[in-house]
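Position one of the sequence shown corresponds to residue 1 (the working numbering), numbered consecutively onward.
Just below is one structure, and these are the notes that go with it.
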Amino acid sequence: MHLSQQPSCIYTRMKIYLSRYIYSRCFLLLTSYFLLLSSYSPAQEIPIGTWRMHISYNSIRSIALDDQYVYGAAVNGIMMLDRSDKSISTFSKLNGLSGTAITYIQYDPVTEKLLIAYGDGKIDVIKDHVVTSLDPLKNTSITGTKSINHIAIHNGLAYLSSDFGVLVLDLARSEIKETWRDLGASGETLKIIASTFKGDSIFLATQKGVLAGDLQDNLLDFNNYKRFDAGIFSGAIQSIAVLNDIVYAAINASGLYSYSSGSWVLQSYFNGSTFQFLNASANNLLVGVDAKLWKVSATNVLTQVTDTRIQDPLFAIEENGKLWIGDDVNGLLSDASGAFTSYISNGPTQSSAFRLKYNDGVVRSVAGGYTSAFVKLNNAGLIDEFTNGSWSARATTATDITDIALNAQTGSLYAASFGWGVEEQKKDGSAIVYDQTNSTLVNLNPPGKFVNVTAVESSTDGLWVANYGTLNSLHLLGDDNTWQSFPAQNIPGRYPVDIAVDQSGYVWMITNPTQGGGIYVYDKTSGGYEYITDQSGSGGLPSKNVRSIAVDRDGLVWVGTDIGVAYFFGPSDDAVKPIYDSRFLLRDDKVTAIAVDGGNRKWMGTERGVWLLNPTGEALIYNFTAENS
Numbered sequence: 001m002h003l004s005q006q007p008s009c010i011y012t013r014m015k016i017y018l019s020r021y022i023y024s025r026c027f028l029l030l031t032s033y034f035l036l037l038s039s040y041s042p043a044q045e046i047p048i049g050t051w052r053m054h055i056s057y058n059s060i061r062s063i064a065l066d067d068q069y070v071y072g073a074a075v076n077g078i079m080m081l082d083r084s085d086k087s088i089s090t091f092s093k094l095n096g097l098s099g100t101a102i103t104y105i106q107y108d109p110v111t112e113k114l115l116i117a118y119g120d121g122k123i124d125v126i127k128d129h130v131v132t133s134l135d136p137l138k139n140t141s142i143t144g145t146k147s148i149n150h151i152a153i154h155n156g157l158a159y160l161s162s163d164f165g166v167l168v169l170d171l172a173r174s175e176i177k178e179t180w181r182d183l184g185a186s187g188e189t190l191k192i193i194a195s196t197f198k199g200d201s202i203f204l205a206t207q208k209g210v211l212a213g214d215l216q217d218n219l220l221d222f223n224n225y226k227r228f229d230a231g232i233f234s235g236a237i238q239s240i241a242v243l244n245d246i247v248y249a250a251i252n253a254s255g256l257y258s259y260s261s262g263s264w265v266l267q268s269y270f271n272g273s274t275f276q277f278l279n280a281s282a283n284n285l286l287v288g289v290d291a292k293l294w295k296v297s298a299t300n301v302l303t304q305v306t307d308t309r310i311q312d313p314l315f316a317i318e319e320n321g322k323l324w325i326g327d328d329v330n331g332l333l334s335d336a337s338g339a340f341t342s343y344i345s346n347g348p349t350q351s352s353a354f355r356l357k358y359n360d361g362v363v364r365s366v367a368g369g370y371t372s373a374f375v376k377l378n379n380a381g382l383i384d385e386f387t388n389g390s391w392s393a394r395a396t397t398a399t400d401i402t403d404i405a406l407n408a409q410t411g412s413l414y415a416a417s418f419g420w421g422v423e424e425q426k427k428d429g430s431a432i433v434y435d436q437t438n439s440t441l442v443n444l445n446p447p448g449k450f451v452n453v454t455a456v457e458s459s460t461d462g463l464w465v466a467n468y469g470t471l472n473s474l475h476l477l478g479d480d481n482t483w484q485s486f487p488a489q490n491i492p493g494r495y496p497v498d499i500a501v502d503q504s505g506y507v508w509m510i511t512n513p514t515q516g517g518g519i520y521v522y523d524k525t526s527g528g529y530e531y532i533t534d535q536s537g538s539g540g541l542p543s544k545n546v547r548s549i550a551v552d553r554d555g556l557v558w559v560g561t562d563i564g565v566a567y568f569f570g571p572s573d574d575a576v577k578p579i580y581d582s583r584f585l586l587r588d589d590k591v592t593a594i595a596v597d598g599g600n601r602k603w604m605g606t607e608r609g610v611w612l613l614n615p616t617g618e619a620l621i622y623n624f625t626a627e628n629s
């Protein structure tokens with residue numbers, strides 16, 4: 001059935017912020033280009049052509065201490081808390097950091113160096129606020145993952161546990177002294193999770209038991225280790241530490257084991273638990289387990305550390321009887337000044353951006369609500385808002401927020417939830433949740449459990465709502481607060497993951513590639529629909545795996561797929577594939593985001609960076625990558 005042709009109207013909503021959509025999530029990064037091109041002016045603090053990073057410090061995964069600063073590592077930056085005045089400064093890629101995804105930090109008081117390890121195998125060394133970057137694996141033959149998981153310092157050397165072995169760093173020279181690779185029982189690659197020391201021996205927690213080696217031996221040779229890899233120790237060791245000359249090893253779903261007289265003994269506490277970390281101080285073993293923090297004294301006295309701010313401890317370190325805690329929700333916590341206090345540098349609360357929207361001077365970010373297999377994530381129901389140069393968080397009553405839309409006339413903000421329907425937050429502060437009890441929205445099987453909404457979009461007709469996995473997958477909330485629902489006429493149309501409304505009022509829905517893919521387009525006026533595929537005469541998409549969509553200032557609908565970009569004059573036409581550099585535009589790229597700026601230029605997010613193209617997509621203006629931005 002073909003859609004009726006409707007006269008064009010002025011498209012007033014401008015998409016100018018990029019995020020990765022639906023199937024892969026990225027860390028939030030904004031530039032002054034986007035702000036300026038959207039006519040955003042309040043608190044503009046950076047010049048044209050420069051970058052600003054918006055990093056979340058609500059989740060601190062590692063902590064290090066020196067005499068002046070407490071360092072807290074988030075996934076994309078380092079927060080430095082000045083002990084004297086409690087002021088906060090940060091390190092990021094903008095001022096020297098080099099790697100991707102910080103995994104661990106450690107401070108050496110002898111050389112006064114802060115070490116930063118990354119998921120891509122890089123290492124940064126900071127001394128006197130100067131960053132020296134090392135890439136010891138750049139020219140190696142390692143083909144698997146290179147993540148550095150832990151750093152331990154002993155006698156002037158830093159031992160970096162990694163997915164392929166151990167890097168031994170000479171701290172005085174800031175250079176790699178040795179690389180212990182292929183430490184498996186037969187010389188195969190063995191993931192090293194953490195290390196600790198007892199006398200002249202190093203103990204390694206691995207993906208297959210514990211290894212112990214004499215530091216005087218040649219530990220490049222996998223034969224020179226004592227192995228504890230039988231029985232319960234045949235699997236992964238989550239963490240390892242030494243307290244009072246006793247080695248402790250944590251094994252998920254089993255418990256905490258101690259080693260002191262040649263054998264391992266299961267302790268009577270934490271049986272069947274899931275461990276986050278072990279870390280030993282002079283007097284206590286700190287244990288992060290099942291989202292709680294415990295102290296185990298040298299005399300085996302067990303004490304839980306409690307406070308309302310301790311929500312999900314990822315790391316803890318003790319200094320003179322006081323604690324510094326890295327929490328997954330409340331950032332850097334400490335009782336050093338008495339009661340526990342939270343320290344967080346201003347930024348979004350969540351370290352990943354599933355969708356970004358810009359309305360009326362405010363950038364809003366949500367973290368999403370489902371995996372690539374459409375399983376709920378149980379993410380906090382927060383909407384991060386950037387306005388007047390700073391971030392704040394807006395709470396909702398739902399979880400797993402997938403999208404937001406603003407009604408410009410009423411001022412109501414709508415939040416879509418994967419599981420809870422749609423929440424309307426009105427300008428007067430009141431709120432209402434729409435689900436199967438008070439709207440046309442449909443709950444997914446089993447009945448009464450979930451109302452999965454993947455996208456919302458404001459239009460002149462009202463609020464369009466994508467209700468995932470149901471026969472009536474498209475709904476409309478009118479400005480008069482009445483609901484309508486529209487059944488999908490084919491199976492792919494039941495699985496919408498994003499919505500765009502063009503200048504003629506057609507509703508374009510990206511559908512889940514695993515359920516058929518393509519684009520389902522609905523015309524409210526005629527009740528007609530089009531199903532756009534990769535077949536000539538039926539849309540001619542570059543691929544049915546569609547990842548992004550945007551309507552430009554001329555009314556063209558731009559679509560990003562797994563193998564390039566196309567645009568449509570209308571839903572009954574075949575796609576036009578722009579030609580750039582003598583081939584179809586971005587034909588080898590998965591295009592995860594498209595935005596249109598005030599000059600009708602096209603910003604396209606891919607797994608190889610961000611591309612800025614002219615209005616027709618046939619001339620490149622910039623290609624921003626990890627190397628040049």
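Ideal placement from N, C-alpha and C gives every residue a C-beta, glycine not left out.
Quiz prompt | DSSP state of arginine 494 mapped onto helix, strand, coil | solution = Mapped onto the sequence shown, residue 494 falls at position 494. It is helical.
Exercise. Measure the CB-CB distance between aspartate 562 and serine 543 and report whether it falls below 7 Å.
Key: Residue 562 sits at position 562 when you count from the first residue of the sequence shown. Residue 543 sits at position 543 when you count from the first residue of the sequence shown. Yes, the pair counts as a contact, with Cβ atoms nearer than the cut-off.
Practice problem: Below 6 Å CB to CB, which residues in the same chain sit around asparagine 223 once its five sequence neighbours on both sides are set aside? | Solution: Position 223 of the sequence shown, counting from 1, holds the residue named residue 223. Here the set comprises nothing.
Quiz item: Hey, out of Gln535, Gln350, Gly421, Val305, whose CA is closest to aspartate 573's CA?
Solution: For the purposes of this step, residue 573 is taken as the residue at position 573 of the sequence shown. Among Gln535, Gln350, Gly421, Val305, the Cα nearest to that of aspartate 573 is on Gln535.
Practice problem: Check whether the Cβ atoms of lysine 322 and valine 247 sit closer than 7 Å, and answer yes or no. | Solution: By 1-based counting over the sequence shown, the position of residue 322 is 322. By 1-based counting over the sequence shown, the position of residue 247 is 247. Contact flag unset, no.
Exercise. Between the Cα of leucine 476 and those of Leu220, Ser459, Leu137, spot the shortest distance and give me the residue it belongs to.
Key: Within the sequence shown, residue 476 is the residue found at index 476, counting from 1. Closest by alpha carbon: Ser459.
Quiz item: Between Tyr118, Thr140, Gly144, Ala236, which lies nearest to serine 133 when the distance is taken from Cα to Cα?
Solution: Within the sequence shown, the letter at position 133 stands for residue 133. It is Tyr118.
Quiz item: Alpha carbon to alpha carbon, what distance is there between serine 147 and glycine 331?
Solution: Within the sequence shown, residue 331 is the residue found at index 331, counting from 1. Within the sequence shown, residue 147 is the residue found at index 147, counting from 1. Between glycine 331 and serine 147, the C-alpha separation is close to 23 Å.
Practice problem: Name the residue from Gly288, Ala298, Asn320, Thr299 whose alpha carbon lies nearest to the alpha carbon of isoleucine 306. | Solution: The count along the sequence shown starts at 1 and reaches residue 306 at position 306. Checking the sequence, you will find threonine at residue 306 rather than isoleucine. Answer by Cα proximity: Gly288.
Quiz prompt | Extent of the continuous beta strand (DSSP E) to which threonine 410 belongs | solution = By 1-based counting over the sequence shown, the position of residue 410 is 410. Neither: threonine 410 is in no beta strand (DSSP E) and is coded neither H nor E.
Quiz item: Ordered along the chain, which non-local residues of its own chain (more than five positions away) have a Cβ less than 7 Å from that of asparagine 614?
Solution: As a position in the sequence shown, residue 614 is number 614, starting the count at 1. Answer for asparagine 614: Arg601, Ile621, listed in chain order.
Quiz prompt | Buried/exposed call for asparagine 284, threshold 16 Cβ in 10 Å | solution = Taking the first residue of the sequence shown as 1, we reach residue 284 at position 284. Per the 10 Å Cβ criterion, buried.
Self-check item: Cβ distance (whole Å) where leucine 157 is taken to contact aspartate 170 below 8 Å
Solution: Within the sequence shown, residue 157 is the residue found at index 157, counting from 1. Within the sequence shown, residue 170 is the residue found at index 170, counting from 1. Confirmed, Cβ separation roughly 6 Å.
Quiz item: What are the residues that DSSP puts in a beta bridge with proline 313?
Solution: If you number the sequence shown from 1, residue 313 lands on position 313. Beta-bridge pairing links proline 313 to Asp327.
Quiz item: For glycine 347, which residues of its own chain have a beta-carbon under 6 Å away from its beta-carbon, when the five flanking residues on both sides are left out?
Solution: For this step, residue 347 is matched to residue 347 along the sequence shown. Counting only Cβ-Cβ distances below 6 Å, and skipping sequence neighbours, we find His54, Ile55, Ser56, Tyr57, Trp391.
Practice problem: Give a yes or no on whether the C-beta atoms belonging to glutamate 318 and serine 281 are separated by under 7 Å. | Solution: Position 318 of the sequence shown, counting from 1, holds the residue named residue 318. Position 281 of the sequence shown, counting from 1, holds the residue named residue 281. Cβ atoms of glutamate 318 and serine 281: closer than 7 Å.
Quiz item: Would the beta-carbon of alanine 575 fall within 7 Å of that of glycine 540?
Solution: Position 575 of the sequence shown holds residue 575. Position 540 of the sequence shown holds residue 540. Yes, Cβ-Cβ distance for alanine 575 and glycine 540 is below 7 Å.
Quiz item: Apart from the five residues just before and just after tyrosine 225, which ones in its own chain have a Cβ nearer than 6 Å to its Cβ?
Solution: Here residue 225 refers to the residue found at position 225 when the sequence shown is read from its first residue. Excluding positions up to five away in sequence, the list reads Leu211, Gly213.
Quiz item: Is the segment 411 to 428 touching the segment 461 to 472, taking contact as three or more C-beta pairs under 8 Å?
Solution: yes
Quiz item: Just to confirm, are glycine 560 and isoleucine 594 a CB contact at a threshold of 7 Å?
Solution: To locate residue 560, count along the sequence shown from 1; it is residue 560. To locate residue 594, count along the sequence shown from 1; it is residue 594. Going by C-beta atoms, glycine 560 is nearer than 7 Å to isoleucine 594.
Practice problem: Look up glutamine 515 in the DSSP assignment and say whether it is helix, strand or coil. | Solution: Your numbering for residue 515 matches position 515 in the sequence shown. Residue state, collapsed to three classes: helix.
Quiz item: threonine 686 and proline 496: beta carbons closer than 7 Å?
Solution: As displayed, the chain neither begins before 1 nor continues past 629, which places residue 686 out of reach and without an answer.
Quiz item: For phenylalanine 222, which three-state DSSP category applies?
Solution: Taking the first residue of the sequence shown as position 1, residue 222 is located at position 222. Phenylalanine 222: helix per DSSP, three-state reduction.
Self-check item: Proximal residues to aspartate 120 (C-beta, below 8 Å), its chain only, five neighbours per side dropped
Solution: Working through the sequence shown from its first residue, we reach residue 120 at position 120. Excluding residues within five positions, the ones whose Cβ falls inside 8 Å are Gly99, Thr100, Ala101, Lys146, Ser147.
Practice problem: Express the C-alpha separation of alanine 194 and isoleucine 123 in angstroms, rounding to a whole number. | Solution: Position 123 of the sequence shown, counted from the first residue, corresponds to residue 123. Position 194 of the sequence shown, counted from the first residue, corresponds to residue 194. Taking the straight line from one Cα to the other gives about 16 Å.
Quiz item: Just checking my contact of aspartate 71 with isoleucine 46 at CB under 8 Å: how many whole Å lie between their CB atoms?
Solution: As a first step, residue 71 must be located in the sequence shown, where it is residue number 71. As a first step, residue 46 must be located in the sequence shown, where it is residue number 46. In the sequence as displayed, the identity of residue 71 is tyrosine instead of aspartate. Tyrosine 71 to isoleucine 46, Cβ: 25 Å. No contact.
Quiz item: Alpha carbon to alpha carbon, how far is phenylalanine 386 from phenylalanine 354?
Solution: Locating residue 386 in the sequence shown gives position 386, counting from the first residue. Locating residue 354 in the sequence shown gives position 354, counting from the first residue. Spanning the two alpha carbons is a distance of roughly 15 Å.
Quiz item: Skipping 5 residues on each side, what residues in its chain have a beta carbon closer than 7 Å to that of alanine 43?
Solution: Counted from its first residue, the sequence shown places residue 43 at position 43. Its pLDDT being 43, under 50, alanine 43 is placed unreliably in this model, and the value from its coordinates should be taken loosely. Excluding positions up to five away in sequence, the list reads Asn388, Gly389.
Quiz item: With respect to the beta strand (DSSP E) encompassing leucine 169, which residues constitute its N-terminal and C-terminal limits?
Solution: Indexing the sequence shown from 1 puts residue 169 at position 169. Start and end: 165 to 170.
Practice problem: Kindly identify the DSSP beta-bridge partner or partners of serine 263. | Solution: Counting from one through the sequence shown, the residue named residue 263 turns up at place 263. None, per the DSSP bridge assignment.
Quiz item: Which of helix, strand or coil does DSSP assign to glycine 605?
Solution: Numbered from 1 along the sequence shown, position 605 holds the residue referred to as residue 605. Strand at glycine 605.
Self-check item: Sequence-distant residues of its chain with Cβ nearer than 7 Å to valine 265 (five each side left out)
Solution: Position 265 of the sequence shown, counting from 1, holds the residue named residue 265. If we look at valine 265 and ignore the five residues flanking it on each side, its Cβ neighbours are Tyr257, Ser258.
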